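Below: one structure, written as structure tokens.
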Amino acid sequence: MNAIRQRGRRQSGIALVLVLWVLTLLTVMAVGLTATQRTETALSDNHVSGARFRAAADAAIAFTVLVFAMPPPDATEPDVSAWLPNGVAVPWRFGEVDLAIRVFNESSRIDLNQVTPEQLSALLVTLGLEEDPAASLAGAIVDWRDEDDLSLLNGAEDRDYRDAGLLVGAKDAPFVAVEELLQVLGMTPEIYRRLPPEVTVDVEGAGFDERFASAAAIAATQGIPLEDAQVRVAQRDAPLFDDSSGPRVVDRAGPLYRIEVTETGSGGSGRRMEALVETTPGQQPPYQVRWRRFGLPGAPAPPIDAQADAG
């Protein structure tokens, strides 16, 4: 009788263990399914919000081109305001997406395929590099794009790249993308991060336009101290209306504009789109988008000398 009771207890214990094991298995499966569902939901939300931003960014480009295609406001009132390609962020809302639009005049950047070694060296010094390293890097950049294999003073041609242990030498052809600077001998990521806002490869020899250029670009191309260039920029960007000089003409330069669209707002993810647009008034279509780039905005680069000190 006792044996029967003990056998029954053992069977009950085994059954209880089996039940607990099944419950544990079901719990693990439920947790896994829940995590998978959450991941899939997050991915779906990300795709939807990304598509929503792309549509809003395209709308922002069309809106910006429309504004720039219209005649600028008459600068006859003290409170006149005009949207200029000077990089000032303009808030805009499309549907449920809050955006900030910044417009730059592309010709107000330094053409990498036309700039001289002296101007490049001056730009690098203005951005924080010491004079000797700046001269060497400027020579290497020009040697990268020129068609000969003769090294400039402090420059770099194929032999210098081989001596540095690199398999690929100078391109000996014009730059087609600013990112190619990273392949130039002596270029570092820290130095490179300072250059894209100041240079371009898209103006096709149109020449440097000072009207909306940065102080660093003006100082480098005009051979003047940075402080003088900053004064010139401050005078240029003064209010359009001045009692002493009367109203000024609103100038938007162009026709090449770089448009940056950034998602803002409390729920924004910081998505950013950058596009190069050429306006063609009186033609169909009235503008052409040469390229678009999507990505997250990077943090502002600290001065080069500060990075060197930190290292």
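Residues in the sequence shown are numbered from 6 upward in steps of one, following this note's numbering.
Virtual Cβ for every residue (Gly too), placed ideally from N, Cα, C.
Values in this document were obtained by computation on a predicted structure and should not be read as measured data.
Inset, instruction - Give me the Cα-Cα distance between Ile223 and Pro194, rounded to the nearest whole angstrom. - result: For the purposes of this step, residue 223 is taken as the residue at position 218 of the sequence shown. For the purposes of this step, residue 194 is taken as the residue at position 189 of the sequence shown. Taking the CA atoms as reference points, Ile223 sits about 24 Å from Pro194.
Legend entry - C-alpha gap between Ala306 and Ile106, whole angstroms: In the sequence shown, residue 306 corresponds to position 301, counting from 1. In the sequence shown, residue 106 corresponds to position 101, counting from 1. Note that Ala306 scores 45 on pLDDT, short of 50, meaning its location in the model is unreliable; the coordinates nonetheless yield the value given after this. Taking C-alpha positions only, Ala306 is separated from Ile106 by approximately 21 Å.
Inset, instruction - Pick out the complete beta strand (DSSP E) segments inside the region 27-103, 3 residues or longer, and give them in chain order. - result: Unbroken beta strand (DSSP E) stretches of 3 residues or longer found wholly inside the region 27-103: 95-99, given in chain order.
Legend entry - Residue closest to Leu281, alpha-carbon to alpha-carbon, out of Gly300, Ala94, Ser156, Ile66: Position 276 of the sequence shown, counting from 1, holds the residue named residue 281. Closest option to Leu281, judged by alpha-carbon separation, among Gly300, Ala94, Ser156, Ile66: Ile66.
Legend entry - Assigned secondary structure, Val24 (DSSP; H/G/I helix, E/B strand, else coil): Along the sequence shown, read from residue 1 onward, the residue named residue 24 stands at position 19. In this structure, DSSP gives Val24 a helical state, which the three-state scheme calls helix.
Inset, instruction - Report, in whole angstroms, the separation of the C-beta atoms of Val204 and Arg114, which I expect to be a contact under 8 Å. - result: Here residue 204 refers to the residue found at position 199 when the sequence shown is read from its first residue. Here residue 114 refers to the residue found at position 109 when the sequence shown is read from its first residue. Right, their Cβ atoms sit about 6 Å apart.
Legend entry - Reference Leu261, options Ala211, Arg277, Ala221, closest by Cα: Taking the first residue of the sequence shown as position 1, residue 261 is located at position 256. Minimum Cα distance to Leu261 is reached at Ala211.
Legend entry - Rounded straight-line distance, which links the Cα of Pro179 to that of Val85: Counting from one through the sequence shown, the residue named residue 85 turns up at place 80. Counting from one through the sequence shown, the residue named residue 179 turns up at place 174. In this prediction, Val85 scores a pLDDT of 45, lower than 50, which makes its location untrustworthy; no coordinate-derived value is stated.
Legend entry - Per DSSP, cross-strand counterpart(s) of Trp296: If you number the sequence shown from 1, residue 296 lands on position 291. Leu281.
Legend entry - 7 Å Cβ cutoff met for Ala140 and Ser156: What you label residue 140 is simply residue 135 of the sequence shown in a count that begins at 1. What you label residue 156 is simply residue 151 of the sequence shown in a count that begins at 1. Contact flag unset, no.
Inset, instruction - Give the secondary structure of Asp168 by DSSP, where H, G and I count as helix, E and B as strand, and everything else as coil. - result: Taking the first residue of the sequence shown as position 1, residue 168 is located at position 163. Residue state for Asp168 is assigned as helix, using DSSP reduced to three classes.
Inset, instruction - Indicate whether Arg276 and Phe109 have their beta-carbon atoms separated by less than 7 Å. - result: As a first step, residue 276 must be located in the sequence shown, where it is residue number 271. As a first step, residue 109 must be located in the sequence shown, where it is residue number 104. Against a cut-off of 7 Å, the Cβ pair of Phe109 and Arg276 comes out as no contact.
Inset, instruction - Leaving aside the five residues before and after Gln235 along the sequence, list all residues of the same chain whose C-beta is less than 6 Å from its C-beta, in chain order. - result: Taking the first residue of the sequence shown as position 1, residue 235 is located at position 230. Apart from sequence neighbours up to five positions away, the residues of its chain that approach Gln235 with a beta-carbon distance below 6 Å are Ala220, ordered along the chain.
Legend entry - Reduced DSSP category for Phe213 - H, G, I as helix; E, B as strand; rest coil: Here residue 213 corresponds to residue number 208 of the sequence shown, with the count starting at 1. Residue state for Phe213 is assigned as coil, using DSSP reduced to three classes.
Inset, instruction - Mind checking which residues open and close the beta strand (DSSP E) that includes Leu129? - result: Residue numbering aside, residue 129 sits at position 124 when the sequence shown is read from its first letter. No beta strand (DSSP E) holds Leu129; the alpha helix (DSSP H) holding it covers 122-131.
Legend entry - Residue range of the unbroken alpha helix (DSSP H) whose run includes Thr226: Here residue 226 refers to the residue found at position 221 when the sequence shown is read from its first residue. Membership of Thr226 in the alpha helix (DSSP H) is indicated by the continuous run 220-227.
Legend entry - Neighbourhood of Leu23 by C-beta distance below 8 Å, restricted to the same chain and skipping five residues each side: To locate residue 23, count along the sequence shown from 1; it is residue 18. None.
Legend entry - Endpoints, beta strand (DSSP E) assigned at Arg114: Looking up residue 114 in the sequence shown gives position 109. Arg114 -> no beta strand (DSSP E), and no H or E assigned at all.
Legend entry - C-alpha gap between Gly4 and Ala62, whole angstroms: The structure shown does not extend to residue 4, since the chain is modelled only from 6 through 316, so no value can be given for it.
Inset, instruction - Look at Ala225 and Gly191 and say whether their C-beta atoms are less than 7 Å apart. - result: Mapped onto the sequence shown, residue 225 falls at position 220. Mapped onto the sequence shown, residue 191 falls at position 186. Taking 7 Å as the Cβ cut-off, Ala225 and Gly191 do not qualify as a contacting pair.
Inset, instruction - Name the residue from Glu184, Thr285, Pro290, Ala35 whose alpha carbon lies nearest to the alpha carbon of Leu117. - result: For this step, residue 117 is matched to residue 112 along the sequence shown. Out of Glu184, Thr285, Pro290, Ala35, the CA that lies nearest to the CA of Leu117 is found in Glu184.
Inset, instruction - With DSSP as the reference, label Leu186 as helix, strand or coil. - result: Within the sequence shown, numbered from 1, the residue matching residue 186 stands at position 181. Leu186: helix per DSSP, three-state reduction.
Legend entry - Simplified DSSP assignment, three categories, for Arg150: Here residue 150 refers to the residue found at position 145 of the sequence shown. Taken through DSSP and simplified to helix, strand or coil, Arg150 comes out as helix.
Inset, instruction - For Gln293, I'd like the list of residues in its chain whose CB is within less than 8 Å of its CB, leaving aside the five on either flank, ordered along the chain. - result: Start at 1 with the first residue of the sequence shown, and residue 293 comes out as number 288. The residues Val282, Glu283, Thr285, in chain order, have a CB closer than 8 Å to that of Gln293 in the same chain once the five nearest residues on each side in sequence are set aside.
Inset, instruction - Flag this pair as yes or no: are the beta carbons of Asp177 and Gly160 separated by less than 7 Å? - result: Along the sequence shown, one-based indexing puts residue 177 at 172. Along the sequence shown, one-based indexing puts residue 160 at 155. Between Asp177 and Gly160, the gap from beta carbon to beta carbon reaches 7 Å or more.
Inset, instruction - Classify Val206 as helix, strand or coil using the three-state DSSP reduction. - result: In the sequence shown, the residue the question calls residue 206 occupies position 201. Reduced to three states, the DSSP call for Val206 is coil.
Legend entry - Sheet register partners of Val266 (DSSP bridge): Locating residue 266 in the sequence shown gives position 261, counting from the first residue. Val266 is bridged by DSSP to Ile106, Met278.
Legend entry - Which of helix, strand or coil DSSP assigns to Leu261: In the sequence shown, the residue the question calls residue 261 occupies position 256. Correct three-state label for Leu261: strand.
Legend entry - Met278, buried or exposed, once every other Cβ within 10 Å from all chains shown has been counted against 16: As a first step, residue 278 must be located in the sequence shown, where it is residue number 273. Answer is buried; the Cβ neighbour count reaches 16.
Legend entry - Beta-carbon separation (whole angstroms), Arg257 vs Pro90, contact threshold 8 Å: By 1-based counting over the sequence shown, the position of residue 257 is 252. By 1-based counting over the sequence shown, the position of residue 90 is 85. About 6 Å; that satisfies the 8 Å criterion.
Legend entry - Pro194 - containing alpha helix (DSSP H), residue span: Counting from 1 along the sequence shown, the entry for residue 194 is found at position 189. It spans 194-197 - the alpha helix (DSSP H) in which Pro194 sits, taken as one unbroken run.
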